[in-house]
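Here is the structure we will look at.
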Amino acid sequence: MATPKPVALYPTYTELSDVRLDEFPELTEFLSSGSNWRKQSWLWGQEFLSYIGRNKSQHTYTRFRSEIEKFLLWSFLIKDKPCNEFRKADILEYADFCWKPPASWICLTNHEKFQPQGNGTYRQNPAWSPFRLVIPKGDTSKPDKKKYRPSQQTLQAIFTAINAFYKYLMDEEYCLGNPAQIAKKDCRYFIKDAQVKDVKRLSEEQWQFLLETASDMADNNRRYERNLFLIAALKSLFLRISEFSERPDWIPVMGHFWEDADKNWWLKVYGKGRKLRDITVPPSFMGYLKRYRQYRGLSSLPMDGEQHPIVEKLRGRGGMTARQLSRLVQEVFDQAYELMKQQHGDEKAQKFKEVSTHWLRHTGASLEIERGRALKDLSEDLGHSSMSTTDTVYVQSDDKKRAESGKNRKV
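Sequence positions in the sequence shown follow the UniProt record's numbering and run 1 to 411.
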């Protein structure tokens, strides 16, 4: 028997908060075509996701929406059982499904869930599927959906979302227990990880090559001034790409660069966990900031209260999304790969095929540690909740001691 085709259940938070089902006719038909409890479960999901969207970050909403959508689709189409009647065995069965979902539920790239029809309604995007096979950067082999397996991080995200969903249902007295919390302990797919962490970063030599590539691109074509500024900022200020993006509750503006009474420059950042922090801005970065502002026709240094977006669109007004910013960075990665390939061969250039925007944050932090900067100061710039997090990710002092102590043993 063929596996039923999944449908997208929930739009963006902006649309969800004031959703009218008559604007989504295919979704309405899907909810009314199944068991009579199907729509009630969907409404519980809508309530929960509205709560998440209202109180958590956009990233958290998107992540939870993906997981709750998959979970309810499995409940509707595979298990045919309401989620408030699930027991531990049902959750473990769902984990089995997530470990090896049917190929028809897997896509290879991100797709919008719904497509506007121009008459106020939205139709399902036929290209969308709830699972995505992530192809490693630089991998040129043909994708095989049969090889899909969720990472440990993905499994963790699945249980985190379902656990939070059941806690919400219990708080609202929609169900009496939380089977996800119990099932996680018995899920056979979780692996206890005691591995030495490998930080995804560029070497000093690779970083200098990337920076020189971005500088040459901007020197030859001013369209790439944004790319150069962004590359320098992500590495030097240890930024996540989202921290420079425009979000519903925060727009990074030039006025967030500020100077204290001692002539030290700082950048105010709204980051992970909805936390505000101030990052030290080194004098070596100020030249890149001045160059970028000059390109935009602004004064050399930011002024107090200045509302220009830090990175703005070339066309239109306002800041840029994380995806748009990532494309700017990727343009430099691609150019660095081509140049390195021409000069030193494909093998040495391969790293620029693998690199992602987040590597720049890791590169900046790792090079600071090698420079000998105090761990406490670096931890605060990174926005880590404790120094132990910084040590675990970047320093790994215990692993270094273990490696050193293991060198003298004989065969």
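For each residue, glycine too, the CB sits at the ideal point set by N, CA and C.
Endpoints, alpha helix (DSSP H) assigned at residue i
i      : result
LEU176 : Taken as a continuous stretch (DSSP letters only), LEU176 belongs to no alpha helix (DSSP H), as it is neither H nor E.
GLN206 : 204-220
MET170 : 152-171
LEU92  : 88-99
ARG223 : Run containing ARG223: none; DSSP gives neither H nor E here.
GLN350 : Per DSSP, GLN350 belongs to no alpha helix (DSSP H) and is neither H nor E.
THR389 : 387-390
GLU15  : 13-16
Whole-Å CB distance - residue i paired with residue j, under 8 angstroms assumed
i      : j      : result
ARG240 : ARG361 : 6 angstroms
LEU230 : LEU339 : 19 angstroms between Cβ atoms; not a contact.
SER50  : SER17  : 6 angstroms
LEU73  : PRO126 : So it is not a contact: roughly 16 angstroms between Cβ atoms.
TYR94  : PHE71  : 7 angstroms
SER35  : ASP80  : 7 angstroms
LEU9   : LEU27  : 7 angstroms
ASN227 : ALA233 : Incorrect: roughly 11 angstroms between the Cβ atoms, too far for contact.
LYS146 : ALA103 : 7 angstroms
SER245 : THR321 : 6 angstroms
GLY255 : PRO302 : 6 angstroms
PHE190 : GLN152 : 7 angstroms
In DSSP terms, what residue i is bridged to
i           : result
residue 422 : This structure cannot speak to residue 422, because the chain is shown only from 1 to 411.
LYS275      : GLY271
GLU67       : DSSP output for GLU67 lists no bridge partner at all.
GLY319      : GLU312
ARG132      : CYS107
VAL253      : PRO309
Start and end residues, beta strand (DSSP E) containing residue i
i      : result
ARG123 : 122-124
PRO116 : 114-116
PHE257 : 257-259
Spatial distance of residue i from residue j (CA atoms)
i           : j      : result
TYR122      : PRO6   : 16 angstroms
ILE106      : VAL281 : 43 angstroms
GLN40       : VAL253 : 43 angstroms
GLU47       : ARG38  : 14 angstroms
residue 413 : ALA157 : Residue 413 falls outside the range modelled here, since the chain spans only 1 to 411, and no answer is possible.
VAL395      : TRP266 : 25 angstroms
PHE238      : VAL199 : 14 angstroms
GLU172      : THR160 : 19 angstroms
LYS351      : LYS235 : 16 angstroms
ARG87       : LYS376 : 45 angstroms
SER242      : TRP250 : 11 angstroms
ASP144      : GLU331 : 27 angstroms
ALA164      : LEU298 : 46 angstroms
GLY318      : HIS308 : 8 angstroms
PRO179      : ARG188 : 16 angstroms
SER284      : LYS290 : 11 angstroms
ALA183      : VAL311 : 45 angstroms
PRO25       : GLN117 : 11 angstroms
ASN119      : LYS113 : 18 angstroms
TRP44       : LEU202 : 45 angstroms
GLN343      : ALA349 : 9 angstroms
GLU368      : LEU378 : 8 angstroms
TRP128      : LEU108 : 9 angstroms
ASN287      : THR12  : The question names Asn, but residue 287 is Gly in the sequence shown. Approximately 39 angstroms, taken between the alpha carbons.
GLY383      : GLN115 : 38 angstroms
Reduced DSSP category for residue i - H, G, I as helix; E, B as strand; rest coil
i      : result
PHE333 : helix
GLU370 : helix
ARG247 : strand
ASN36  : coil
SER326 : helix
HIS384 : coil
LEU9   : coil
MET340 : helix
SER141 : coil
PHE190 : coil
ASN119 : coil
TYR148 : coil
PHE24  : coil
THR3   : coil
ASN55  : helix
PHE48  : helix
MET286 : helix
GLY364 : helix
ASP80  : coil
ARG201 : coil
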